[in-house]
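Numbering (our numbering), first residue to last: 739 to 1343.
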């Protein structure tokens, strides 16, 4: 997959240079062939195919999107666009418009009126771009205009040649041709000859084309009609091209990678195709990935990832004040640890065995994988929130968000004492190392109520100098490490305040998903406002900026954050539809919406 992705990247990065060389003769095609699409022409060995069936609509949607106008209204971005560094790009755009005799957007829409496709062939990792224009006359006009551009800009790097009596423009790697309504650009000569043969000889789609491949047909049937662009991956072709690469060996390089991606690696080894769709709306930009899925694909060693019958769930997020974001996932870590022999190589297993021995000692000789990790439920939740320093005596110069790990206990009565002792031992060890490193000491406290218990550690206040101005309070005063218990809930938090608040918030039902991530932009903007002066000072020291320049840079960051409401990511196995669904969505602030992040200094409650 890495080789194929690299081929596509290099091809796309050089497409502009290639398209400067369309000094070609437009050759007519039979009417039937003109109705074909890119997948009718690409071979079944295609590993990756990007399809935009209505490029003019997509170009218009992107160029005229409310977000673009709002970005251009930000003073810092407006100045950057008019800077000397941008002048060559603007000059090139104006020259392009002058040569074609129409605005650049109108020209691009006309040239790509009937579709645009990019494909990577797994046989030789060649990449090809097919664009179908509005009509043959237009393509002839474009050819003549681009001929002038070629003479002015090619610098003798390319040359004219012919293939089957068709003039082609060759470059050191690949070349380009115009055939009827079609524009063809490739990065390898042999790939260009294959596609030209199909363009000239193919009268209708045949059983050798990508469009006849069952994996392509299944993918196309599941598309969302409102999607603006699609990326299709033929996984069998990718696996064949990748050979024995690690990603297709059902082994992860380390436990962290296995924890995050292990089950997805199994899906990659079984699915015939994967598809990503781009959906553009005024209020959001969304990428939706779909792939065939079956719970039966998961070997016994990876049942821990999605859960039995892929029915694992994510815990609901406690809606604490100033919630910045959260990541919830289903992972039976105990089962993963105990299956290490099937999942990792000998070196990693040796290191895990050593860690298990040391951690078992911390927990009173209990088996770490079975008795300690096995005491927790598989629903994991990490929460981050903006801190409220209004009632804090020692306020750090840089204010960081608080964060907490929220878990459930299967046998709370047994594990509470063990976890309490382990936390207290960890704080004691941290104090010992802190003495050696000159850090303030942590003071321990405990709070109990009828149904909850908090073990709190707080840094002692810094010593103030007898004379002179006290230095800024260091980062460590963002932390008051706390372990909290309530019923079967266990919270390990960076601050006492967040731990206590999580216990106060009513618990909600779990969510039917494997991973759910959410980040709230308004709180991120408030965090920037909280640290505005520190960020300005840091920019002045590290970048040599004036105060005005540093303040302007921070203001641009705040304004960019203000354009967004948040970011979400989800992974959902749908056993009924036999699909794995992944979605990344950027939610945008309404055009007349105001986050108020630039001037906020208080905390929303």
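Beta carbons: idealized from backbone N, C-alpha and C, even for Gly. Computed from a prediction, not measured in an experiment: that's the story for all the values here.
Beta-carbon proximity of residue 1066 to residue 1243, cut-off 7 Å:
Against a cut-off of 7 Å, the Cβ pair of residue 1243 and residue 1066 comes out as no contact.
Can you give me the Cβ contacts of residue 850 inside the same chain, cut-off strictly under 6 Å, excluding the 5 residues immediately before and after it?
Taking C-beta separations shorter than 6 Å and ignoring five residues to either side along the sequence, the partners of residue 850 in its chain run 793, 869, following chain order.
Tell me the start and end of each unbroken alpha helix (DSSP H) in the segment 1255-1286 that is at least 4 residues and wholly inside, in chain order.
Counting only runs of 4 or more, we get 1259-1268, 1270-1281.
Same chain, Cβ closer than 7 Å to residue 996, five either side skipped, listed in chain order
Within the same chain, 990, 1074, 1081 come within 7 Å of residue 996 by CB-CB distance, once the 5 residues on both sides are set aside.
Taking the alpha-carbon of residue 1298 as reference, which of 1307, 1321, 1282, 1267 has the nearest alpha-carbon?
In terms of CA proximity to residue 1298, 1267 leads the group 1307, 1321, 1282, 1267.
Who does residue 1344 pair with in a DSSP beta bridge?
Residue 1344 cannot be examined here, being either before or after the span of the chain that is shown, 739 to 1343.
Please go through the same chain and pick out, in chain order, the residues whose beta-carbon is closer than 6 Å to the beta-carbon of residue 1150, but skip the five residues on each side of it.
1226.
Burial state of residue 1273, where buried means 16 or more other Cβ atoms lie within 10 Å
Label assigned to residue 1273: buried.
Closer than 8 Å is the cut-off here; do at least three beta carbon pairs connect the segment 1205-1223 with the segment 1005-1016?
Touching, no.
Less than 8 Å between the CB atoms is what I'm expecting for residue 788 and residue 975, so what's the real figure, rounded?
Contact annotation, residue 788 with residue 975: C-beta distance approximately 15 Å; criterion of less than 8 Å not satisfied.
Who are the near neighbours of residue 1342 in its chain, counting only those whose CB is closer than 6 Å to its CB and skipping five residues on each side?
Note that residue 1342 scores 43 on pLDDT, short of 50, meaning its location in the model is unreliable; the coordinates nonetheless yield the value given after this. There are no such residues.
Does DSSP put residue 892 in a helix, a strand or coil?
For residue 892, the pLDDT reaches just 49, beneath the cut-off of 50, and the residue's location in the model is therefore unreliable, although a value from the coordinates is still provided. Of the three classes helix, strand and coil, the one that applies to residue 892 here is coil, per DSSP.
Could you give the first and the last residue of the continuous alpha helix (DSSP H) run that contains residue 1307?
It is not in any alpha helix (DSSP H) - residue 1307 instead sits in the beta strand (DSSP E) that spans 1302-1312.
Identity of the residues DSSP links to residue 786 by a beta bridge:
DSSP lists 858, 971 as partners of residue 786.
Residue 747 classed as buried or exposed, judged by whether at least 16 other C-beta atoms fall within 10 angstroms
Low local confidence applies: a pLDDT of 44 at residue 747 is under 50, so the model's placement there is unreliable, and no value is given.
Since residue 784 and residue 972 are thought to touch, with beta carbons under 8 Å apart, how far apart are those beta carbons, to the nearest angstrom?
The beta-carbon separation of residue 784 and residue 972, rounded to 6 Å, stays under the 8 Å limit for a contact.
With 16 as the cutoff for other CB atoms within 10 Å, does residue 1131 come out buried or exposed?
Looking at its Cβ environment, which holds fewer than 16 other Cβ atoms inside 10 Å, residue 1131 is exposed.
Determine contact between the segment 1223-1238 and the segment 1135-1155, defined as no fewer than three beta-carbon pairs at a distance below 8 Å.
The answer is yes - the segment 1135-1155 touches the segment 1223-1238, with three or more Cβ pairs under 8 Å.
Looking at the strands, I want to know which residues DSSP matches up with residue 781.
According to DSSP, residue 781 shares a beta bridge with 947.
Going by C-alpha distance, which of 1318, 1329, 937, 1322 is nearest residue 1011?
Among 1318, 1329, 937, 1322, the Cα nearest to that of residue 1011 is on 1318.
State yes or no: is the C-beta of residue 790 within less than 7 Å of the C-beta of residue 854?
Yes, these two residues count as a Cβ contact at 7 Å.
Proximity winner among 1034, 994, 1021, relative to residue 1005 (alpha-carbon distances)
Of the listed residues, the one whose Cα sits closest to residue 1005 is 1034.
Does the beta-carbon of residue 926 have 16 or more other beta-carbons within 10 angstroms, so that it is buried, or is it exposed?
Answer is buried; the Cβ neighbour count reaches 16.
Write down every uninterrupted run of the alpha helix (DSSP H) in the segment 793-819 whose length is 4 residues or greater and which is fully enclosed by it, in chain order.
Segments of the alpha helix (DSSP H) lying fully in the segment 793-819: 793-801, 804-810, 813-819.
For residue 1216, count neighbouring Cβ atoms within 10 angstroms of its own Cβ and tell me buried if that reaches 16, exposed if not.
Burial call: buried.
Buried/exposed call for residue 819, threshold 16 Cβ in 10 Å:
Residue 819 comes out exposed.
Note down, in chain order, each residue of its chain lying with its Cβ closer than 6 Å to the Cβ of residue 1008, except the 5 sequence neighbours on either side.
Closer than 6 Å at the Cβ level, and outside the excluded window around residue 1008, lie 1035.
Going straight from the alpha carbon of residue 1062 to that of residue 1047, what length do you get?
Their backbone Cα atoms lie some 33 Å apart in a straight line.
Assign residue 869 to one of three DSSP states: helix, strand, or coil.
Strand.
Counting pairs of Cβ atoms below 8 Å between the segment 835-843 and the segment 809-818, do you hit three or more?
Output reads no: the segment 809-818 does not touch the segment 835-843.
Here's a check: name, in chain order, each residue in its chain whose Cβ is nearer than 7 Å to the Cβ of residue 1237, leaving out the five neighbours to either side.
In chain order, 1142, 1192, 1220, 1222, 1229, 1231 place their CB closer than 7 Å to the CB of residue 1237, counting only its own chain and leaving out the 5 sequence neighbours on each side.
Over what stretch of residues does the alpha helix (DSSP H) that includes residue 1172 continue unbroken?
Per DSSP, the unbroken alpha helix (DSSP H) holding residue 1172 starts and ends at 1150-1175.
Which of helix, strand or coil DSSP assigns to residue 829
Three-state result, residue 829: helix.
When you compare the CB positions of residue 1068 and residue 811, do they come within less than 7 Å of one another, or not?
Judged by beta-carbon spacing, residue 811 lies beyond the 7 Å limit of residue 1068, meaning their Cβ atoms are not closer than that value.
Beta-carbon separation of residue 1040 and residue 1001 under 7 Å?
Cβ distance < 7 Å, so residue 1040 and residue 1001 count as in contact.
Residues near residue 957 in its chain [Cβ-Cβ closer than 7 Å; skip 5 each side]:
Counting only Cβ-Cβ distances below 7 Å, and skipping sequence neighbours, we find 970, 1011, 1013.
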